[in-house]
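Working notes, beginning with the structure itself.
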Amino acid sequence: MPRPLEPQHSPAFFVRGPSPFARLIFFAAVSLTLMATDSRLHYLVEVRQGFSALMHPLQVLANAPSDLMHDANEYLTTHSTLLKQNSRLTEQALLQSAELQRFRSLEQENEHLRNLLGAARNSPQNARLGEILHIGRDPFTHRVVINLGSRHEVIAGQAVIDADGVIGQVTRVYPFTSEVTLITDRELSVPIQVERNSLRAIAFGHGRDTMLDLPYLPANVDIRQGDRLVTSGIDGVYPMGLAVAVVVKVERNPNSPFAHIVCKPLAGIENHKQVLLLDMPKPEPVVNQKKTAASAATSASQKTPAPKTPTAPQ
Amino acid sequence: MRPNLSTIYLTLLAALLCQLLPWSGIALTMRPDFVLLVLLYWLLRAPHLCNIGTAWFAGLVIDLATGGLFGQAALAYALTAFFALIYQRRLTLFNIWQQAAYVFALLVFNQGTLLILKMFAGGESPGWGYFYPCITGIMLWLAVIFTRLGIQGHTDQD
């Protein structure tokens, strides 16, 4: 005998669980909470690191085909190409070693003068070689991922350079990889100095293309097309004198109080796979006489410009 | 081929791998959203197995992989999945071109939602290139549909 209430409970024609709208509300609420937590409170850093370690094998798998192709290409490089490259590199090394010798003597002289002045010694920053694993997944943020992570004692904030200039800064560190925000990203700015007249300014990334802006400079500012911009070193992240960009366009609009200055970064992110990670400068410079090979490598790759009169702190 | 859960997760994993391939340059801006396409396919074909929750989790994985804001792609995917689901029963009666038009609208909607979320988080406004993945995505969709893997599946077609 059927129970009396049964006919009133008409079973659902399709068994679908909660309605799509209910599910949507639930998941939207969860993701809004996550987004707020991530962007405002920064609680999820560890969670992100943990998951990224889990994702690491997947990344390696996804990178495998192109790595294989790269290796095969390298294997099939012809004898003559290698010879040509070898002779070019030898020549380059010779030229650079001459420059390096001059640099050493200048550095010693500089140190001596600084000692005389009693000024703080510039401690050399060590550098480490990293490799770019891939360009960021999102084509509209300027980021690259490199193969050094917190396991290799990378910390967020380290400067990243290549042989031609500054690339950017480490912004996020995962266990095995870390994310480098390029100087062309809208969120990154670099304190710079015009090499010609030591004028200080701050360069901002454009975000949309691979250019840099020098905003908030008066229309009559002494910057010309072709000026080289180097880091000023007053931020405590980038050491002084690293090449950043070259000015490609200066527009002076009489209607605007500011000049519109566009610069092109010197570092070639697309061309190289290797980058150098500079250690964070220590708050108290340790007197360290022996210079490690790494620091020598850094100085060589920095291509320190012909020394202008160092602005001695008075 | 009768869809079951393991097929769905395997195809999603394959799509994720496609997404994680080291794309660069023009290919990166043209890269279709593989994961979303696979999700939409299963949402329209097997909504009892692949639902808004699946889409949300897939979005969360994408967020982790891209290093974007947590829950950004997850919210966009969940919203897109919602709009796919409310018309799902009607859509199976449409022909291939009508289905493709609706899927294209969903892809554009997903991209637009992501854009709005990014703007809120303080991103810059990209150009029209931001919507290229929708075009390549719908081409990929049509390519898959024309290889006789239609939404109606085995029951109606053969």
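First to last, the sequence lines map onto chains V and S. Each residue of the first sequence is one higher than the one before, counting from 188 in the numbering used here. Each residue of the second sequence is one higher than the one before, counting from 1391 in the numbering used here. The beta carbon of each residue, even a glycine, is placed where N, CA and C say it ideally should be. Quick caveat, the model's predicted, so the values are computed rather than measured.
Beta-carbon proximity list for residue i, same chain, < 6 Å, skipping 5 on both sides
| i | result |
| --- | --- |
| V/S376 | I389, F391 |
| V/E471 | Only weak support exists for where V/E471 lies, its pLDDT of 49 falling under 50; the value from the coordinates is given anyway. Excluding residues within five positions, none has a Cβ falling inside 6 Å. |
| V/V449 | M398, V435, K436 |
| S/L1532 | A1490 |
| V/Q489 | In this prediction, V/Q489 has a pLDDT of 43, which is less than 50 and means its spatial position is unreliable; what the coordinates show is noted afterwards. The answer, listed in chain order, is L429. |
Start and end residues, beta strand (DSSP E) containing residue i
| i | result |
| --- | --- |
| V/R359 | 353 to 360 |
| V/L463 | 461 to 465 |
| V/H321 | 314 to 322 |
| V/Q380 | 376 to 381 |
| V/C450 | 447 to 452 |
| S/S1396 | Element bounds for S/S1396: not the beta strand (DSSP E) but the alpha helix (DSSP H), 1395 to 1410. |
| V/R415 | 415 to 418 |
| S/R1435 | Unbroken run through S/R1435 is the alpha helix (DSSP H), 1424 to 1435; no beta strand (DSSP E). |
| S/G1519 | S/G1519 -> no beta strand (DSSP E), and no H or E assigned at all. |
| S/V1451 | No beta strand (DSSP E) holds S/V1451; the alpha helix (DSSP H) holding it covers 1442 to 1456. |
Short Cβ contact (7 Å threshold) for residue i with residue j
| i | j | result |
| --- | --- | --- |
| V/P362 | V/R330 | no |
| S/P1422 | S/G1527 | yes |
| S/W1432 | S/I1476 | no |
| S/P1420 | S/Y1520 | The sequence shown places Met at residue 1420 of chain S, not Pro. For S/M1420 and S/Y1520, no; Cβs fall outside 7 Å. |
| V/L211 | S/F1472 | yes |
| V/F505 | S/L1429 | Because chain V in this structure spans residues 188 to 501, residue 505 of chain V falls outside the shown range and cannot be described. |
| S/T1470 | S/L1505 | no |
| V/S253 | S/P1412 | yes |
| V/G344 | V/V462 | no |
| V/F213 | S/W1446 | no |
| V/S419 | V/I354 | no |
| V/K460 | V/I370 | no |
| S/L1434 | S/Q1478 | yes |
| V/S218 | S/G1457 | no |
| S/L1439 | S/L1395 | yes |
Cβ shell of residue i (< 7 Å), same chain only, five flanking positions each side left out
| i | result |
| --- | --- |
| V/P444 | P405, A406 |
| S/C1408 | F1424 |
| S/L1410 | A1455 |
| V/T336 | Before going on, a small fix: residue 336 of chain V reads as Gly here, not Thr. Once the five neighbours on either side are set aside, the close Cβ partners of V/G336 are V360, Y361, P362, F363, T364, S365. |
| S/T1545 | A caution first: S/T1545 carries a pLDDT of 43, below 50, which makes its placement in the model too unreliable to give a value. |
| S/Q1501 | Y1520, F1521, P1523, C1524 |
| V/D351 | A430, L453, A454, G455 |
Close-in-space but distant-in-sequence residues of the same chain around residue i (CB under 8 Å, 5 per side omitted)
| i | result |
| --- | --- |
| V/L231 | L221, T224, D225 |
| V/A481 | Note on V/A481: pLDDT 45, under 50, position unreliable in the model; no value is reported. |
| V/V433 | G413, D414, R415, L416, C450, K451, L453 |
Short CB-CB distance (under 7 Å) between residue i and chain C
| i | result |
| --- | --- |
| S/W1446 | Reference to chain C is not applicable here, since the protein chains of this structure are V and S. |
Boundaries of the alpha helix (DSSP H) in which residue i is found, first to last residue
| i | result |
| --- | --- |
| V/T368 | Taken as a continuous stretch (DSSP letters only), V/T368 belongs to no alpha helix (DSSP H), being part of the beta strand (DSSP E) at 365 to 369. |
| S/V1534 | 1522 to 1536 |
| V/G392 | Run containing V/G392: none in the alpha helix (DSSP H); it sits in the beta strand (DSSP E), 387 to 392. |
| S/A1417 | 1416 to 1420 |
Legend entry - Stretch pair the stretch 1482 to 1490 of chain S + the stretch 1466 to 1473 of chain S: three plus CB contacts closer than 8 Å: no
Legend entry - Three-pair Cβ contact test at 8 Å for the stretch 414 to 426 of chain V versus the stretch 276 to 292 of chain V: no
Inset, instruction - Report yes or no: do three or more beta-carbon pairs, one from the stretch 403 to 422 of chain V and one from the stretch 363 to 372 of chain V, lie closer than 8 Å? - result: no
Inset, instruction - Write down every uninterrupted run of the alpha helix (DSSP H) in the stretch 1465 to 1509 of chain S whose length is 4 residues or greater and which is fully enclosed by it, in chain order. - result: 1478 to 1481
Inset, instruction - Scan the stretch 211 to 263 of chain V and note each continuous alpha helix (DSSP H) run of 4 residues or more that stays entirely inside, going in chain order. - result: 232 to 262
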